[in-house]
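Have a look at the structure below, then the notes.
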Amino acid sequence: VIQQTITSDYEIEKTTHIHLGGFEAFIVKDGVEIDETIDTKLKERKDWFFKNSKLFIRK
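What follows is the structure, given as structure tokens:
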């Protein structure tokens, strides 16, 4: 998919900060950042849930 989509030069590197999976793509020349990590998607869903669920914790 990467070879078919990105026409400029690219490198594929492993990273230790993605824990659940997915990928990040940075095209410095074009100023493009793509974050398709499960980590980010889960965080976005959790943030949305806490903001919109109207649930609260009683102590």
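Numbering follows my numbering, in which position 4 of the sequence shown is assigned residue number 47; successive positions increment by one, without gaps. Where a beta carbon is used, it is the ideal one built from N, C-alpha and C, also for glycine.
Per-residue DSSP class, three states only, for residue i
{"i": "D78", "result": "strand"}
{"i": "F93", "result": "helix"}
{"i": "E67", "result": "strand"}
{"i": "D73", "result": "helix"}
Residue i versus residue j: straight-line alpha-carbon distance, rounded
{"i": "T113", "j": "E56", "result": "This structure leaves residue 113 out entirely; the chain is present only between 44 and 102."}
{"i": "F99", "j": "F92", "result": "11 Å"}
Residue from the options whose Cα sits closest to the Cα of residue i
{"i": "F54", "options": "G65, H60, F69, I61", "result": "The residue asked about is misnamed: residue 54 is Glu in this sequence, not Phe. Nearest of G65, H60, F69, I61 to E54, Cα basis: F69."}
7 Å CB neighbourhood of residue i in its chain, flanking five on each side removed
{"i": "I77", "result": "E67, A68"}
Residue-level contact to chain B via CB, residue i, 7 Å cutoff
{"i": "V75", "result": "You won't find chain B in this structure, because it holds only one protein chain."}
Sequence-distant residues of its chain with Cβ nearer than 6 Å to residue i (five each side left out)
{"i": "E2", "result": "Nothing about residue 2 can be read from this structure; the chain reaches only from 44 to 102."}
Same chain, Cβ closer than 8 Å to residue i, five either side skipped, listed in chain order
{"i": "S51", "result": "I70, K72, D73"}
Distance between beta carbons of residue j and residue i, contact taken as under 8 Å
{"i": "D90", "j": "I61", "result": "Contact doesn't hold; Cβ gap of about 18 Å is too wide."}
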